[in-house]
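So for the sequence shown, the numbering used here puts the first residue at 1; every next one is plus one. C-beta: ideal position from N, C-alpha, C; glycine also. Before any comments, here is the structure.
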Amino acid sequence: MLRWYRMKLVARPMLTQSVTTAILFATGDIIAQQAVEHRGIEKHEFIRTARMALYGGAIFGPAATKWFKFLQTKVVLPNKKLEICARVGVDQLLFAPTNLLAGWSGPLYRS
């Protein structure tokens, strides 16, 4: 299964990352509604889960795929530990706030 997934990542990285992200966002919302909010299946907001999957697959997945590729090619340092710290720093200063603003203020999040 892991080999199949890695082959898909090489063959169709954007599609594979987007589908993976959609599944993870939907799973996260299901866990939030069932394990944290204790809604039960009868009160589960399936539209909310679908919106989260749509946001993850159509917006966050492609954006994150492009962003991390950008970081890999543009933030390159001779010291690998420093390189990792620099990538995390740039990510947290630029991508994280932008994504939070887009995700939490967008129409997909609203009930």
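Identify the continuous alpha helix (DSSP H) that holds residue i and give its terminal residues.
i, result
"residue 74", "61-74"
"residue 11", "2-11"
"residue 103", "96-105"
"residue 93", "Unbroken run through residue 93: none, as it is neither H nor E."
"residue 51", "46-55"
With a threshold of 16 other CB atoms inside 10 Å of the CB of residue i, please say whether the residue is buried or exposed.
i, result
"residue 70", "exposed"
"residue 11", "exposed"
"residue 33", "buried"
"residue 18", "buried"
Counting only C-beta atoms, is residue i closer than 8 Å to chain C at any point?
i, result
"residue 78", "Here chain C cannot be found, since the structure has a single protein chain."
Going by beta carbon distance, what residues of the same chain come within less than 8 Å of residue i, once the five residues before and after it are set aside?
i, result
"residue 28", "52"
Beta-carbon within less than 6 Å of residue i's beta-carbon, same chain only, minus the 5 sequence neighbours each way: which residues are those?
i, result
"residue 5", "none"
What residues in its chain sit with their C-beta under 7 Å from that of residue i, if we drop five residues either side in the sequence?
i, result
"residue 16", "8, 9"
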